[in-house]
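Asker: Sharing a structure here in structure tokens format.
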Amino acid sequence: MASENPPPAAESDDLAPPRRPASAMTLSLLVHLVLVLLLVFWASGSQRGTGEAVDRQIGIARVHRLPDRNVYEEVTSESESATQAQADSAASAAAAPPADLSPPLDLDGLLAAMESTPMPSNQSISGTGISGDLALGDDSFGDGGSSNLGELGEKGSANLFGVSGSGNRFVYVLDRSDSMNGFGGRPLASAKAELIRSLRSLTRGQQFQVIFYNENVKPFQVSGSPLTMITGQSSEVDRAERYIASIRAFGGTKHLGALKLALRMSPDVVFFLTDADRPRPSSLQLQDIQRRAEQSGTSIHAVEFGSLPNGAPDSFLRDLAAMNNGQYQYVDVRKLKQLAEPGPEAGE
């Protein structure tokens with residue numbers, strides 16, 4: 238017999254949600270709409286800027302900083318190409334070497350003249366009177382040592398950063414590559430100051446020459462005169478000091494050309510200073526330097542600048558000094574005093 242399910246109980250009217258009158262809903266919508274319109278009207282009518290100042294169009298200005306003032310220049314679309322050209326020009330100028338760099342020399346012609354003309358007895362390296370940077374390769378000079386460079390004068394000693402050499406003829410070869418600008422410029426400034434101090438210790442009976450180098454070689458040479466050894470009298474040392482003050486460091490490093498030029502002058506002593514043990518000359522190249530130094534009777538003292546407590550045991554500068562009856566000295570540039578860079582004066 239099927240059971241009869243009782244019919245579901247009717248829901249109580251008390252549980253049904255109350256129904257709002259249509260007029261109340263319409264009133265609520267109108268109130269919210271009015272509030273929204275008021276907010277929009279207020280936002281669109283609010284004043285922008287400060288006070289009653291007139292709004293200005295936003296733009297870009299370029300600032301030129303002059304010694305006594307700043308000059309502001311508006312950047313427009315028409316000036317964009319000119320601006321880029323000026324920027325490129327400024328970048329090129331920043332990368333350019335200093336103004337003391339002379340025009341390139343006819344090195345092939347110079348070397349041909351040197352090979353075909355006997356070395357004069359007045360201690361001249363070249364009778365052409367040329368000056369400037371010499372772009373020297375590894376084989377730019379002959380063996381040297383066979384030249385008659387005149388009678389020796391008064392013998393004495395000179396020293397540089399604690400290494401001392403004895404004789405009458407001294408050639409100082411110093412690195413002027415860009416790395417010498419490091420540590421606030423202390424390496425180059427200290428090398429210049431020590432070089433000047435050493436030159437001032439010479440007597441008029443002694444002779445000297447100063448060679449700065451990077452990729453090229455720049456010896457001390459009075460304009461219009463041949464490249465020679467210089468007497469140690471005070472007037473010549475004063476000229477050399479002005480030359481030293483004019484030297485600026487830039488570029489890379491090539492050691493061999495400067496060393497061979499120094500040995501070509503057949504000095505008693507070469508002081509060789511650099512902060513670059515790279516590129517390292519090969520064993521054959523060091524042997525070639527040794528052979529040239531033996532022929533000219535030259536001792537080579539090496540001074541190495543570095544930023545470690547001690548120099549590397551495999552530094553080629555140790556070998557260079559040991560192979561050529563010289564001394565090796567290491568200088569920690571971190572301990573060098575900050576020196577004022579001397580300003581260049583009018584040259585001769």
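Adding 237 to a residue's 1-based position in the sequence shown gives its number in our numbering.
Virtual Cβ for every residue (Gly too), placed ideally from N, Cα, C.
(1) Since I believe GLN575 is in contact with ARG423 (beta carbons under 8 angstroms), could you give me their beta-carbon distance rounded to a whole number of angstroms?
(2) Let me confirm a value: VAL568 is counted as buried when at least 16 other C-beta atoms fall within 10 Å, else exposed. Which label applies?
(3) If you measure between the beta carbons of ILE467 and VAL410, is that distance less than 8 angstroms?
(4) Would you kindly check if the distance between the Cβ of ALA486 and the Cβ of LEU436 is under 8 angstroms?
(5) State the Cα-Cα distance for the pair GLN470 and HIS538, rounded to the nearest angstrom.
(6) What number of angstroms, rounded off, separates the C-alpha of GLU452 from the C-alpha of ILE297?
(7) Could you check where the alpha helix (DSSP H) with ALA428 kicks off and where it finishes?
(8) Span of the alpha helix (DSSP H) holding ILE481?
(9) Taking DSSP's pairing of strands, which residues face PRO230 in a bridge?
(10) Let me make sure I understand the geometry here. Which of LEU510, GLN532 and SER533 has the alpha-carbon closest to that of ALA428?
(11) Report all residues from its chain with a CB closer than 7 angstroms to the CB of TRP279; omit the five preceding and five following residues, and keep chain order.
(12) Okay, do the segment 486-503 and the segment 520-536 touch, 3+ Cβ pairs below 8 angstroms being the bar?
(13) Which residue from SER503, MET262 and SER544 puts its Cα closest to that of SER416?
(14) Can ILE297 be considered in contact with the ligand ADP, in the sense that its beta carbon sits closer than 7 angstroms to one or more heavy atoms?
(15) From GLY461 to TYR480, what does the alpha carbon distance come to, in whole angstroms?
Answerer: In this structure, then:
(1) 6 angstroms
(2) buried
(3) Not closer than 8 angstroms, so no.
(4) no
(5) 24 angstroms
(6) 43 angstroms
(7) 423-437
(8) 471-483
(9) Since the first residue shown for the chain is 238 and the last is 585, residue 230 is missing from the structure and cannot be characterised.
(10) LEU510
(11) none
(12) Contact annotation: the segment 486-503 touches the segment 520-536, with at least three C-beta pairs closer than 8 angstroms.
(13) If you compare the alpha carbons of SER503, MET262 and SER544 with that of SER416, the shortest gap goes to SER544.
(14) Among the components modelled here there is no ligand, and therefore nothing to report on the ligand ADP.
(15) 15 angstroms
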